[in-house]
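S.K.: Counting in the numbering used here, the sequence shown runs from 2 upward without gaps.
Handing you this structure, nothing more for now.
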Amino acid sequence: MSEEHYNGLREALNQKLVENLSEVAELKGELKSSLRSLNERIDRLLALEQKVEKNTLEISRLKTIWTLIVALVAFGAGFAKEYFFTK
């Protein structure tokens, strides 16, 4: 085969390599963008998780407070019943 033929093959190979490298660069950019998006979503999920934990703690506190209020009302009602109605 002639040198011209090999030069043509080299040129075709070089062109294909350039195309492949270009595709790799595009994929790399897309991958970076996807990873950035994924990290943003993870950050939002972590923030939501913190809010859930905070709200769960606040709900537990409210339940405790209302339980104490109900117990005090029941105690007061029992005391009032004994004090006002047993004499």
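For glycine and all other residues, C-beta sits at the position ideal for the given N, C-alpha and C.
If you're wondering where the values come from, they're calculated on a predicted model, not measured in any experiment.
(1) If we ignore side chains and look at the alpha-carbon of each, how far apart do L22 and Q51 end up?
(2) Any idea what DSSP makes of S61, helix, strand or coil?
(3) Using DSSP with H/G/I as helix, E/B as strand and the rest coil, what is T68?
(4) Can you give the Cα-Cα distance for N56 and K29, rounded to whole angstroms?
M.R.: Walking through what the data contain:
(1) Residue 22 sits at position 21 when you count from the first residue of the sequence shown. Residue 51 sits at position 50 when you count from the first residue of the sequence shown. C-alpha of L22 to C-alpha of Q51: approximately 43 Å in a straight line.
(2) Position 60 of the sequence shown, counting from 1, holds the residue named residue 61. Correct three-state label for S61: helix.
(3) Taking the sequence shown and counting its residues from 1, the one referred to as residue 68 is at position 67. In the displayed model, T68 falls within a helix according to three-state DSSP.
(4) Position 55 of the sequence shown, counted from the start, is the residue given in the question as residue 56. Position 28 of the sequence shown, counted from the start, is the residue given in the question as residue 29. Distance between the alpha carbons of N56 and K29 is about 40 Å.
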